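Right, one structure below, let's go through it.
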Amino acid sequence: MGSFVRSTAHRKVEHLSTGIAGLDIILGECLGRGTSILLLEDENSQIHSTILKVFLSEGARSQESMAAATKEGGDMEVYGTGTLMEKDNGDKMVIAWRYSTLSLSKPIFRFNLSKKKRFEGILLSGEEATLEAILDTAREKRGLRMALFSLGSPAWRFSGCGEKELMKFLFELKRLVRANDHVCMVSIPAFFMPHANFSLYFDMVAGLESNLFNRFCSNYNGILELRKIRGHGCLRTSTLESLKYGVKIKKENVCVEKIEMPPEDAKPREKPWIPDRSF
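When the letters of the sequence shown are read in order and numbered with the working numbering, they come out as residues 581 to 859.
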């Protein structure tokens, strides 16, 4: 009698992109259908809004079904595609033949932040943006790329979205995202709710910090700190060397890259004073 081998159930995982190559590398295989991502907003910047709109722009580029919710009224705009090829600076490095097949180019950013186009998807804006409407959309549709802007902000609170209601909503949203194969990115101004624990309702949590008052990393627009990373159905454990990354936002590039943060008690290096002897 031949041996009997029972085949295990295998579900093909669809890996997705945030639209930002550096962030995709950090998240790795964790970003797939059924995943919920939280961006903790910084009160001094709008970095979260740019990341969310790039997230939607990637969905438009790959022709995915999308949904967005914001308390700002009117139409929503996302970014149009930009130039994919980097400019050649004419200074090419000569390398050994055994490394000639390796790519030396930097990750490509596909969008131009100065090119705007109308968001083509399910849009809940202004008074139409309610917690119930978002859940109805997540319940009735499948395979959506969802972006929710500034949940829990004063604009949401004025429409009856208190902290207790928000927690119940996030619990149900996470269930629906997993059940209906959505991928969802949410931004929350947690500084309005300092005692709330939002990490329970998301697979990935990243805090954003404005670089407005940081002299150590003045070449970045902000700092992204990973606080939780575990994709839905993903067996990966965090092996990241760093949990803090710099965010650069330019017209033709949004970059997330590793930075070396100095000790908190260190002082920024000051340039030596050289007297001007020209007069």
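Positions of the beta carbon are idealized from the N, C-alpha and C atoms, including for glycine. Source: prediction; values computed, not measured.
Own chain partners of residue i with C-beta closer than 6 Å, once the 5 adjacent residues on each side are dropped
i, result
"Ser733", "Pro769"
"Gly599", "Val634, Phe635, Ser637, Glu638"
"Cys835", "Gly602, Lys828"
"Ser694", "Lys831"
"Leu806", "Ala786, Leu823"
For residue i, three-class secondary structure by DSSP
i, result
"Ser705", "strand"
"Tyr659", "strand"
"Glu837", "strand"
"Ile606", "helix"
"Tyr800", "coil"
"Phe699", "coil"
"Thr650", "strand"
"Arg690", "coil"
"Arg942", "The structure shown has nothing for residue 942, since the chain only spans 581 to 859."
"Tyr679", "The predicted model places Tyr679 with a pLDDT of 38, which falls under 50 and marks its position as unreliable; any figure quoted below should be read in that light. Tyr679 falls in the helix class under three-state DSSP."
Neighbour flag for residue i against chain C, beta carbons, 8 Å
i, result
"Asn777", "Given the protein chain composition of this structure (a single chain), no chain C is represented."
Enclosing alpha helix (DSSP H) for residue i [first to last residue]
i, result
"Glu745", "743-759"
"Gly639", "627-641"
"Leu711", "711-720"
Distance, residue j Cα to residue i Cα
i, j, result
"Lys696", "Glu657", "6 Å"
"Ile617", "Leu632", "11 Å"
"Ile605", "Tyr825", "12 Å"
"Tyr574", "Met747", "Only positions 581 to 859 of the chain appear in this structure, which leaves residue 574 out of reach."
"Arg737", "Gly701", "25 Å"
"Arg641", "Leu596", "12 Å"
"Leu704", "Ile714", "8 Å"
"Lys808", "Cys610", "11 Å"
"Gln643", "Arg690", "14 Å"
"Leu753", "Leu711", "9 Å"
"Thr630", "Tyr800", "14 Å"
"Ile839", "Ala786", "16 Å"
"Leu750", "Ala759", "14 Å"
"Glu594", "Gly612", "6 Å"
"His628", "Leu619", "7 Å"
"Gly723", "Gly653", "25 Å"
"Phe771", "Glu745", "17 Å"
"Asp668", "Cys741", "Per-residue confidence for Asp668 stands at a pLDDT of 40, beneath the threshold of 50, marking its modelled position as unreliable; no derived number is given."
"Asp716", "Ala776", "25 Å"
Beta-carbon proximity of residue i to residue j, cut-off 8 Å
i, j, result
"Phe699", "Asp655", "yes"
"Glu832", "Gly662", "yes"
"Met773", "Glu743", "yes"
"Ala709", "Ala649", "yes"
"Gly802", "Leu780", "no"
"Arg725", "Met646", "yes"
"Ser767", "Glu623", "no"
"Ser822", "Ser625", "no"
Endpoints, the beta strand (DSSP E) within which residue i is located
i, result
"Ala776", "That residue, Ala776, is in no beta strand (DSSP E); it is neither H nor E in DSSP."
"Ala786", "784-790"
"Ala727", "725-728"
"Ser767", "763-768"
"Leu618", "616-620"
"Tyr825", "824-830"
Cut-off 7 Å between Cβ atoms - residues of its own chain near residue i, not counting five sequence neighbours on either side
i, result
"Val757", "Gly614, Ser616, Ala718, Cys764"
"Glu720", "none"
"Lys727", "Residue 727 is actually Ala in this sequence, not Lys. Around Ala727: Leu632, Phe635, Leu636, Ala648, Met765."
Beta-carbon contacts of residue i that lie in its chain and below 8 Å, excluding the five residues immediately before and after
i, result
"Lys651", "Ser705, Gly706, Ala709, Phe729, Ser730, Ser733, Ala735, Trp736, Ser739"
"Leu607", "Thr598, Met784, Ile809, Gly811"
"Cys797", "Asn791, Ile803, Gly826, Ile839, Met841"
"Asn692", "Tyr659, Gly660, Thr661, Gly662, Thr663, Lys831, Glu832"
"Phe778", "Leu618, Leu620, Leu750, Ile768, Ala770, Val785"
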